[in-house]
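Numbering (my numbering), first residue to last: 47 to 255. Shown next, in structure tokens, is the structure this report addresses.
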């Protein structure tokens, strides 16, 4: 499968507009730095809020790029992540892309069922025998659950990162898979891809599809 052309997504243009607005605000703030009658604190607050919005939009944009062509159930994935985050139920979801990952995962329990949000959420429900491990998704199918992933051995990783996050990074170092992580402690969501870990939020447009 060819690399995805991210410019195809209209969200890209929205991000560009937001960044241009922030750039304009920064330029005005720089011009007013030596104006004693002008306080730039309100502008800084405005830029902080705008940047947080851009981060959410950008993460959603790149997720769409990385998932495009690999699953048609992005809405179910988005809803699952949202609910797990709200309930602080830990989650680790591997979406297979080009490379096979079966030889990297260990001890998975076969599921072989259509991907739906209710089923995926039930797997990660606390007390479910399958919740403590990773779910493997291939296209629109939940292939297996309770998979064990290789933990990253990077010495430069944040020492506060838990096992789920290190496992997500570890698999992303060994394959082109995209791994979604929901923290049980904080409810924060992130994705691992090509050795990097990035916070994200799915955009409302995906959640409403």
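We put the beta carbon where it would ideally sit given N, CA and C, even for glycine.
Tell me which residue opens and which closes the alpha helix (DSSP H) that residue 107 is part of. Indexing the chain shown from 1 puts residue 107 at position 61. Where residue 107 is concerned, the enclosing alpha helix (DSSP H) stretches over 87-113.
Would DSSP call residue 150 helix, strand or coil? On the chain shown, residue 150 is found 104 positions in, with the first residue counted as 1. Correct three-state label for residue 150: coil.
Residue 229 - partner residues in DSSP beta bridges: On the chain shown, position 183 is the one that residue 229 refers to. BP columns for residue 229 are empty, so no partner.
Backbone secondary structure at residue 211 - three-state DSSP: The residue you call residue 211 lines up with position 165 of the chain shown. Helix at residue 211.
Residue 177 versus 79, 187, 194 and 186, residue with shortest Cα-Cα distance: Translated into the one-based positions of the chain shown, residue 177 becomes position 131. Looking at the Cα atoms, 194 is the closest of the given residues.
Boundaries (first-last residue) of the beta strand (DSSP E) holding residue 190: As a position in the chain shown, residue 190 is number 144, starting the count at 1. Looking at the DSSP string, the run of the beta strand (DSSP E) that includes residue 190 is 187-193.
Would you say the region 89-101 touches the region 142-152, given that touching needs at least three Cβ pairs under 8 angstroms? no
In the structure shown, what three-state DSSP assignment does residue 47 receive? Working through the chain shown from its first residue, we reach residue 47 at position 1. Confidence in residue 47 is poor, its pLDDT being 32 and thus under 50, which makes the residue's placement too unreliable to answer from.
Which residues in the same chain as residue 33 place their Cβ atom closer than 7 angstroms to its Cβ, once the five residues preceding and following it in sequence are excluded? Look at the range of the chain in this structure, 47 to 255, and you will see that residue 33 is not part of it.
Just list the residues that DSSP pairs residue 160 with in beta bridges. Walking along the chain shown from the start, residue 160 turns up at place 114. Answer is 187, bridged to residue 160.
Residue 79 (DSSP reduced to helix, strand or coil): As a first step, residue 79 is located in the chain shown; it is residue number 33 there, counting from the start. Residue 79: coil per DSSP, three-state reduction.
The region 113-121 in contact with the region 182-193 per 3-pair CB rule at 8 angstroms: yes
Who are the near neighbours of residue 102 in its chain, counting only those whose CB is closer than 6 angstroms to its CB and skipping five residues on each side? Counting from 1 along the chain shown, the entry for residue 102 is found at position 56. For residue 102, where only same-chain residues beyond five positions count, the Cβ hits under 6 angstroms are 247.
Going by C-alpha distance, which of 245, 240 and 235 is nearest residue 128? Here residue 128 refers to the residue found at position 82 of the chain shown. Measuring from the Cα of residue 128, the nearest candidate turns out to be 235.
With respect to the alpha helix (DSSP H) encompassing residue 121, which residues constitute its N-terminal and C-terminal limits? Here residue 121 corresponds to residue number 75 of the chain shown, with the count starting at 1. Looking at the DSSP string, the run of the alpha helix (DSSP H) that includes residue 121 is 120-133.
Is residue 237 near residue 214, with beta carbons less than 9 angstroms apart? Start at 1 with the first residue of the chain shown, and residue 237 comes out as number 191. Start at 1 with the first residue of the chain shown, and residue 214 comes out as number 168. Their beta carbons are under 9 angstroms apart, which means residue 237 touches residue 214 by this criterion.
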